[in-house]
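Sequential numbering of the sequence shown, starting at 97, is according to my numbering.
Backbone N, C-alpha and C fix where the C-beta goes; we use that ideal spot for every residue, glycine too.
Quick notes on the structure that follows.
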Amino acid sequence: MSKPLSPETMALVKATAPALQQHGVEITTRMYQRLFVDPEIKALFDMAAHESGAQPKRLAAAILAFAQNVDKLDVLKPAIERIAARHVETHIKPEHYPAVANALLPAIRDILGEAATDEVLNAWGEAYL
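And the structure:
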């Protein structure tokens, strides 16, 4: 994150937590469908973890934890450090992150439909950066 999130953005992200709790795995499964059209990015992932459903569940849990704690990110520090270490291990680089955002935000809209307003998606886009 390059700059602190505004209180409005934090409130919008936090307000999505119930929808993420209910639909998070659907969202991340859809996100991976979108993301994996790029074979170079797909090759970075443990496909066994993806196909078993473990990876979409882990990502959904991480996104939900972020939404629930967006106003107190220090709570997430141990989890963020584990994720960062895993990304280093698997050669995921910062230049790969925009592709994830480009898959995640439309996946949120695909699954949540009209509940994923432009305002909500803009807040998540800002939070992702």
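Query: Between Ala-195 and the rest of its own chain, which residues show a CB-CB distance below 8 angstroms, the 5 nearest in sequence each way excluded?; Result: Leu-131, Asp-134, Ile-137
Query: Rounded to whole angstroms, what is the Cα-Cα separation between His-221 and Glu-215?; Result: Residue 221 is actually Gly in this sequence, not His. Roughly 10 angstroms between the two C-alpha positions.
Query: What's the gap between the Cα of Ala-203 and the Cα of Ala-161?; Result: 18 angstroms
Query: Just verifying my parser: in three-state terms, what is the DSSP assignment at Phe-233?; Result: Residue 233 lies beyond the residue range present for the chain, which begins at 97 and ends at 225; the question has no answer from this structure.
Query: Could I get the ranges of all uninterrupted alpha helix (DSSP H) runs contained in the region 178 to 225, with 4 residues as the minimum, in chain order?; Result: 193 to 208, 214 to 224
Query: Can the beta-carbon of Ile-176 be found less than 8 angstroms from the beta-carbon of Ile-123?; Result: no
Query: Here's the rule: buried if 16 or more other CB atoms are within 10 angstroms of the residue's CB, otherwise exposed. What is Met-106?; Result: buried
Query: Could you check the C-alpha separation between Met-97 and Ser-148 for me, to the nearest Å?; Result: In this prediction, Met-97 scores a pLDDT of 43, lower than 50, which makes its location untrustworthy; no coordinate-derived value is stated.
Query: Would the region 105 to 120 and the region 155 to 172 be scored as touching if the rule is three or more Cβ pairs under 8 angstroms?; Result: yes
Query: Which of the three DSSP states, helix, strand or coil, is assigned to Met-97?; Result: Any reading at Met-97 is ruled out, since the residue's pLDDT is 43, under 50, leaving its predicted position unreliable.
Query: Taking the C-alpha atoms as reference points, what is the distance between Tyr-224 and Pro-174?; Result: 18 angstroms
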